[in-house]
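One structure is given here, and the rest of the page talks about it.
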Amino acid sequence: MITQEEHLSRILHLISPLRVTEVPLNEALGQTLAANVTASVDLPPWDSAAMDGYAICLQDFTPGTLPVTKTIPAGHRQQESIGSGEAAAIMTGAPVPEGADTIVPLEFFHEPTQDVPTEITFDHIPEANRHIRKRAEDTAAGSIVAAAGTFLRPNHIGAIAATGTASVYTARQPRVAIISTGDELVSPGTPLEHGQIPDSNAPLVAATLESLGAEATHQVRVRDSAASLEHTIAQVEHSVDAIILTGGASVGAHDISNYVLSAWQHEDPDQAIRFGEVNIRPGKPQGFGLSPAGTPVWSLPGNPVAVFVSLQIFVIPGIKKMQRQAPHPRTHHVVTTQALRTPKDLHYYMLATVDDNDRATPLPSNSHLAAKMAQATGLLHVPPNVDGVAAEGTVEYIAL
């Protein structure tokens, strides 16, 4: 038996990041930055008004009536200035005139209106430095706004656009072929005959890939036939960046993935597909290596929860490395509401629901209980050196 750490280390060693491409920012959502995006200018690039109001200079200021000598709208390009004893009407986002050191909201003087008064009256001295957005308050020129390895979500796109950046460098998204093996599998929605089950693995794998931004280019079901599997792989391996097989990874008479992939001849034995038992449950039978064409190939167990765990622990880190992201999942500790009995010497993973107070309720996690996955918010993980966890004890949690 090999350890989870050894198996994952080999996966990450054999996988290489994909090439970098430049893409327009409006096409970059869901991709991974391959280079830092930095601010080319200060943000804001100048002191600007945070509210509609009146900019004044407090030097030598005394309460009374001030003339409104100019109006500064947002987008005003001319540098303005004011001195003591005058005010400038200013709109939100407009550059603050030189000499002004505070802005008094217009609501202090009158109801909102499109008409600008010719004068305003103060009965007290306003507070200094109010309602002014300072230059570089958001970020300074040269600062990193989004770092390489960032999976681009809408908030990142907005922040990058604010820097004036029109295109970014991203890792090309992986193209992955999914192959489900098993005589018993049929398409979801097909009327079932005795001995048949819907193929839930291919949709599970495809959805996982797509949630990462990767592309599931093929979803193929193969019967328990070595010739069929060999033919299918030959058809797809040169057009994809990775292949994921489910089912047939063990050593039974019909475990064709093991038999077919183990027979591949490879110039470098260290890159060949290796099968073995990994010290995890569920998901003990695992295979991984490169095809003769150099394509990474995962061979996962066939039971749905075992596939689900394998995706989280072994496949997602590899896909993330292709995307130039940090490969390891983010984890934190939660409190289990129930005692956990765990097998000795194995990494044990359990489906669980975790509430807003980080209290976890474990779910039945036998490898065939596919419907239970719908209730889960993540996985609890108990490492091999821990012999069970008492109720109210802490346990590591991987959120979905």
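Counted from 1, the sequence shown has number 52 at position 52 by UniProt numbering; the numbering is strictly sequential.
From the three backbone atoms N, C-alpha and C, an ideal C-beta is built for every residue, glycine too.
Taking the beta carbon of residue i as the centre, do at least 16 other beta carbons fall within 10 Å, making it buried, or is it exposed?
{"i": "G64", "result": "exposed"}
{"i": "T190", "result": "exposed"}
{"i": "E80", "result": "buried"}
{"i": "I82", "result": "buried"}
{"i": "G164", "result": "exposed"}
{"i": "P174", "result": "buried"}
{"i": "T113", "result": "exposed"}
{"i": "D47", "result": "buried"}
{"i": "R324", "result": "buried"}
{"i": "D255", "result": "buried"}
{"i": "P301", "result": "buried"}
{"i": "E86", "result": "buried"}
{"i": "F108", "result": "exposed"}
{"i": "H347", "result": "buried"}
{"i": "T208", "result": "buried"}
Name the residue from the options whose alpha carbon lies nearest to the alpha carbon of residue i.
{"i": "D345", "options": "A49, S262, I256 and I280", "result": "I280"}
{"i": "S367", "options": "T342, L212 and G283", "result": "G283"}
{"i": "E6", "options": "E215, Q286 and E396", "result": "Q286"}
{"i": "residue 414", "options": "S250, T181 and A214", "result": "As shown, the chain starts at 1 and ends at 400. That puts residue 414 outside it, with no answer to give."}
{"i": "E22", "options": "Y169, F108, R330 and A28", "result": "Y169"}
{"i": "K134", "options": "E107, C57 and A50", "result": "A50"}
{"i": "D199", "options": "R221, L209, E215 and A214", "result": "R221"}
{"i": "P117", "options": "N155, L66 and L152", "result": "L66"}
{"i": "L18", "options": "L8, R10, I11 and T32", "result": "T32"}
{"i": "G378", "options": "G294, V389 and V395", "result": "V395"}
{"i": "A148", "options": "V20, P154, N26 and G247", "result": "V20"}
{"i": "T150", "options": "H218, G393, L212 and A371", "result": "L212"}
{"i": "F122", "options": "P269, A171, L106 and A136", "result": "L106"}
{"i": "T331", "options": "T337, M322, D387 and Q312", "result": "Q312"}
{"i": "G247", "options": "V260, V236 and H238", "result": "V260"}
{"i": "H238", "options": "A227, G294 and W264", "result": "G294"}
{"i": "P54", "options": "F61, V41, V68 and D60", "result": "According to the sequence displayed, residue 54 carries Tyr and not Pro. Of the listed residues, the one whose Cα sits closest to Y54 is V68."}
{"i": "P24", "options": "H110, I160, T3 and L8", "result": "I160"}
{"i": "P292", "options": "W264, E392, W298 and F314", "result": "W264"}
{"i": "T337", "options": "H328, L363, T62 and A146", "result": "L363"}
Could you please give the first and the last residue of the uninterrupted alpha helix (DSSP H) stretch that includes residue i?
{"i": "K321", "result": "I316 to M322"}
{"i": "A306", "result": "P304 to S310"}
{"i": "E230", "result": "A226 to V236"}
{"i": "G158", "result": "P154 to A162"}
{"i": "I256", "result": "I256 to S262"}
Starting from residue i, follow the beta strand (DSSP E) in both directions and report where the run begins and ends.
{"i": "R10", "result": "Run containing R10: none in the beta strand (DSSP E); it sits in the alpha helix (DSSP H), Q4 to L14."}
{"i": "Q286", "result": "P285 to L290"}
{"i": "P362", "result": "R359 to P362"}
{"i": "S211", "result": "Segment N201 to S211 is the alpha helix (DSSP H) holding S211; no beta strand (DSSP E) there."}
{"i": "H381", "result": "G378 to V382"}
{"i": "A87", "result": "A87 to I90"}
{"i": "W298", "result": "P296 to L300"}
{"i": "I82", "result": "Here I82 belongs to no beta strand (DSSP E), and DSSP marks it neither H nor E."}
{"i": "T139", "result": "Segment: none, T139 is in no beta strand (DSSP E) and carries neither H nor E."}
Please tell me whether residue i and residue j are closer than 8 Å, where the distance is taken between their beta carbons.
{"i": "I244", "j": "S262", "result": "no"}
{"i": "P95", "j": "I120", "result": "no"}
{"i": "A202", "j": "I178", "result": "yes"}
{"i": "V305", "j": "T342", "result": "no"}
{"i": "I103", "j": "I132", "result": "yes"}
{"i": "A339", "j": "A352", "result": "no"}
{"i": "D355", "j": "V335", "result": "no"}
{"i": "A162", "j": "L43", "result": "yes"}
{"i": "V307", "j": "V240", "result": "no"}
{"i": "F275", "j": "N303", "result": "no"}
{"i": "A249", "j": "S299", "result": "yes"}
{"i": "L29", "j": "P188", "result": "no"}
In chain order, what residues of the same chain have a beta carbon less than 7 Å from the beta carbon of residue i, not counting five sequence neighbours either side?
{"i": "P296", "result": "L14, I15, A242, L290 and G318"}
{"i": "R223", "result": "D183"}
{"i": "T74", "result": "Inspection of the sequence shows that residue 74 is occupied by Ala rather than by Thr. M91, T92, G93 and A94."}
{"i": "residue 406", "result": "Shown here, the chain extends from 1 to 400; a query on residue 406 therefore has no answer."}
{"i": "A391", "result": "T336, T337, Q338 and A339"}
Note down, in chain order, each residue of its chain lying with its Cβ closer than 8 Å to the Cβ of residue i, except the 5 sequence neighbours on either side.
{"i": "S143", "result": "T38 and A39"}
{"i": "E98", "result": "Q79, E80, S81 and I82"}
Note down, in chain order, each residue of its chain lying with its Cβ closer than 6 Å to the Cβ of residue i, except the 5 sequence neighbours on either side.
{"i": "M1", "result": "E277 and N279"}
{"i": "residue 418", "result": "With the chain covering 1 to 400 only, the question about residue 418 has no answer from this structure."}
{"i": "A128", "result": "L58, D101 and T102"}
{"i": "Q196", "result": "E184 and V186"}
Can you confirm whether residue i, when its beta carbon is compared against all beta carbons of chain D, has any partner nearer than 8 Å?
{"i": "K344", "result": "Judged by its chain identifiers, the structure shown contains no chain D, having just a single protein chain."}
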